[in-house]
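**Student:** Residue numbers (the numbering used here): 56 to 255.
First the structure, then my questions, so here it is.
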Ligand code: GAR
């Protein structure tokens with residue numbers, strides 16, 4: 056069975072979307088571990104209620120080495136940052152080359168970088184008056200939001216009246232694209248060719 060670890064910090068709606076696709080039989084994947092920097096967030100509560108093992112990252116980030124060992128022992132195939140809002144240390148990223156993916160709520164390379172998460176992103180998108188937004192899934196490297204782009208979905212935001220409206224539309228797309236990309240990984244249909252990522 057293909058095994059993933061999901062890293063979360065907040066509501067966990069993406070975690071729930073993945074969980075539901077697995078429950079429906081659309082995704083032959085096991086969520087082997089939920090990792091969070093916030094022990095009391097809704098995403099961790101969701102994991103606990105659904106009997107998924109959890110791991111809480113220490114405030115001083117001192118247990119990342121322990122986490123690497125756990126992930127290696129569990130033979131995790133893919134690490135999914137599904138609403139994880141803390142920078143991951145370089146040595147952790149280096150331990151899993153091309154095995155960590157992140158979902159970002161805008162069309163990278165615009166509206167990314169330090170401080171660009173959650174509503175900060177949607178406020179910037181709204182105020183820039185761009186006409187499309189949407190989720191990006193990319194590999195995680197040592198620079199914030201700069202790893203190779205795996206998949207994107209553009210949605211029309213021409214008529215939106217607020218950043219909150221953009222957030223709802225983008226999150227709705229996130230819940231579709233993230234399980235889709237994980238399924239493609241689990242089917243070994245994601246290939247990195249030079250600087251481009253191809254999905255068969
Ligand atoms: C999602 O919109 C995700 O794209 C974003 O946090 C939200 C988490 O929602 N991630 C980032 O901004 C990362 N830079 P969720 O907890 O309901 O899945």
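Think of the CB as a built atom: it goes at the ideal place given N, C-alpha and C, for glycine as much as any other residue.
Helix, strand or coil: how does DSSP classify residue 241 here?
**Tutor:** Helix, per DSSP.
**Student:** Taking the alpha carbon of residue 270 as the reference point, which residue from 79, 78, 82, 95 has its own alpha carbon closest?
**Tutor:** Within the shown structure, residues of the chain are numbered from 56 to 255, placing residue 270 beyond reach of any answer.
**Student:** Taking 7 Å as the cut-off, does the CB of residue 158 come closer than this to any heavy atom belonging to the ligand GAR?
**Tutor:** Checking the Cβ of residue 158 against the ligand GAR gives yes.
**Student:** Would you kindly check if the distance between the Cβ of residue 195 and the Cβ of residue 248 is under 8 Å?
**Tutor:** Going by C-beta atoms, residue 248 is not nearer than 8 Å to residue 195.
**Student:** Using a threshold of 7 Å, is the CB atom of residue 56 nearer than that to any non-hydrogen atom of the ligand GAR?
**Tutor:** Not so, every heavy atom of the ligand GAR lies at least 7 Å from the Cβ.
**Student:** Tell me the DSSP secondary structure of residue 71 in three-state form.
**Tutor:** Residue 71 falls in the helix class under three-state DSSP.
**Student:** Between 221, 103, 237, which lies nearest to residue 157 when the distance is taken from Cα to Cα?
**Tutor:** Selected option, being the one with the closest Cα: 237.
**Student:** Can you pull the DSSP bridge partners for residue 61?
**Tutor:** Looking at the DSSP assignment, residue 61 forms a beta bridge with 89, 135.
**Student:** Since residue 107 and residue 89 are thought to touch, with beta carbons under 8 Å apart, how far apart are those beta carbons, to the nearest angstrom?
**Tutor:** Residue 107 to residue 89, Cβ: 5 Å. Contact.
**Student:** With three or more beta-carbon pairs closer than 8 Å as the criterion, would you say the segment 210 to 218 touches the segment 166 to 184?
**Tutor:** The segment 210 to 218, when compared against the segment 166 to 184, does touch it at the 8 Å Cβ threshold.
**Student:** Taking only heavy atoms of the ligand GAR into account, decide whether any of them is closer than 7 Å to the Cβ of residue 78.
**Tutor:** No, the ligand GAR has no heavy atom inside 7 Å of this Cβ.
**Student:** Starting from the Cα of residue 153, find the closest Cα among 132, 120, 255, 219 and give me that residue.
**Tutor:** Closest by alpha carbon: 132.
**Student:** Is residue 194 helix, strand or coil by DSSP?
**Tutor:** Residue 194: strand per DSSP, three-state reduction.
**Student:** Which of the three DSSP states is assigned to residue 120 in this structure?
**Tutor:** Residue 120 falls in the helix class under three-state DSSP.
**Student:** Would a C-beta distance cut-off of 8 Å place residue 138 and residue 98 closer than the cut-off?
**Tutor:** Cβ distance < 8 Å, so residue 138 and residue 98 count as in contact.
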